[in-house]
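K.L.:
Under the UniProt record's numbering, think of the first position of the sequence shown as 1, with each following residue one higher.
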Amino acid sequence: MQRKTKFVIGEFYHIYNRGVEKRIIFPNISDYKRFLALLYLANSNEIIQFRNDFSRTFLEKIFEKDRGEPLVAIGAYCLMPNHFHLLLTPLVEGGISKFMLKLQTGYSMYFNKKNDRVGGLFQGVFKSQHIDKNEYLMYIYAYIHLNPTKLKNSEWKTQPKSFLNKLKKFIAEYPYSSLQEYLSGNYRILNPKPFPMEKKDLIDHDSMIDDFSEVLPR
Numbered sequence: 001m002q003r004k005t006k007f008v009i010g011e012f013y014h015i016y017n018r019g020v021e022k023r024i025i026f027p028n029i030s031d032y033k034r035f036l037a038l039l040y041l042a043n044s045n046e047i048i049q050f051r052n053d054f055s056r057t058f059l060e061k062i063f064e065k066d067r068g069e070p071l072v073a074i075g076a077y078c079l080m081p082n083h084f085h086l087l088l089t090p091l092v093e094g095g096i097s098k099f100m101l102k103l104q105t106g107y108s109m110y111f112n113k114k115n116d117r118v119g120g121l122f123q124g125v126f127k128s129q130h131i132d133k134n135e136y137l138m139y140i141y142a143y144i145h146l147n148p149t150k151l152k153n154s155e156w157k158t159q160p161k162s163f164l165n166k167l168k169k170f171i172a173e174y175p176y177s178s179l180q181e182y183l184s185g186n187y188r189i190l191n192p193k194p195f196p197m198e199k200k201d202l203i204d205h206d207s208m209i210d211d212f213s214e215v216l217p218r
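1) Among 163, 34, 190 and 143, which residue has its Cα nearest to the Cα of residue 16?
2) Taking just the CA atoms, how far does residue 148 sit from residue 85?
3) Whole angstroms is fine: what's the gap from residue 34's alpha carbon to residue 164's?
4) Counting only the same chain and skipping the five closest in sequence on each side, list residues whose C-beta sits under 7 Å from that of residue 118.
5) Would you please state the rounded distance, in angstroms, between the beta carbons of residue 45 and residue 68? I believe it to be under 8 Å.
6) Report all residues from its chain with a CB closer than 8 Å to the CB of residue 1; omit the five preceding and five following residues, and keep chain order.
7) CB-CB under 8 Å to residue 126, same chain, minus the five flanking residues each way: which ones, in chain order?
8) How many angstroms separate the CA atom of residue 47 from the CA atom of residue 93?
9) Using the C-alpha atoms, what's the distance from residue 121 back to residue 197?
10) Return the CA-CA distance between residue 151 and residue 140, expressed in angstroms with no decimal places.
11) Short check: CB of residue 79 to CB of residue 12, under 8 Å?
12) In angstroms, rounded to a whole number, what distance separates the CA positions of residue 178 and residue 195?
See the structure below:
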């Protein structure tokens, strides 16, 4: 079946997928770390090779590995227990499709072997939305980073200010989203340069709660 979205170099896309039958795809910390490592290593034409070692030292070495020229620029990411979100722009022709094939195939093979299962792990190939306006780009950026709110309270918009302050702290410290890279300025998986967003807006997670209160994870 031909994909409806045509990926064009220089354009921006919200890419997402979830586990088949909404199953948990990241049961434990090592699974999250595996996917984070793949976000870096799959972003290349090189063959993915690394051991099942998820110590902090080894993961740092993964991000120092010369992977060659990247296929896409990643502007944001967030991993949730049963799904993930990415903000991408292709850097080469067919970059998004190649990257997503390597990413999802690599993680599915790891997951199936680890859990002694067979069959597809994700709901189809992946879903995509073309982002054609700067306002929509900022909306998606906030939406991706606000996704962890539903782990605390799906009705967070109606909660008192004291709860929202705790929620801001939770979002800033959530270990499986790109917000920590923005806050630290230590870009490993991310390449924010192609994305036309001001740094002050990218790191202002308080405003994501205050100014994007209409954004609810789904």
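Glycine residues also receive a C-beta, built at the ideal position from the N, C-alpha and C atoms.
P.N.:
With the structure as the only source:
1) Checked all of 163, 34, 190 and 143; the closest Cα to residue 16 is 143.
2) Taking the straight line joining both Cα atoms gives about 11 Å.
3) Their Cα atoms are separated by approximately 31 Å.
4) So the list reads 112, once near-sequence residues are dropped.
5) Contact holds; Cβ gap of about 6 Å.
6) Below a pLDDT of 50, predicted positions are generally treated as unreliable, and residue 1, at 46, falls in that range; the measurement from the model is reported next regardless. Cβ neighbours of residue 1 within its own chain (closer than 8 Å, five residues either side excluded): none.
7) Result list for residue 126: 15, 16, 17, 100 and 104, in chain order.
8) The C-alpha of residue 47 lies about 19 Å from the C-alpha of residue 93.
9) Note on geometry: alpha-carbon atoms of residue 197 and residue 121 lie some 34 Å from one another.
10) Looking at the two C-alpha atoms, the distance is approximately 19 Å.
11) Cβ distance not < 8 Å, so residue 79 and residue 12 don't count as in contact.
12) C-alpha separation (whole angstroms): 14 Å.
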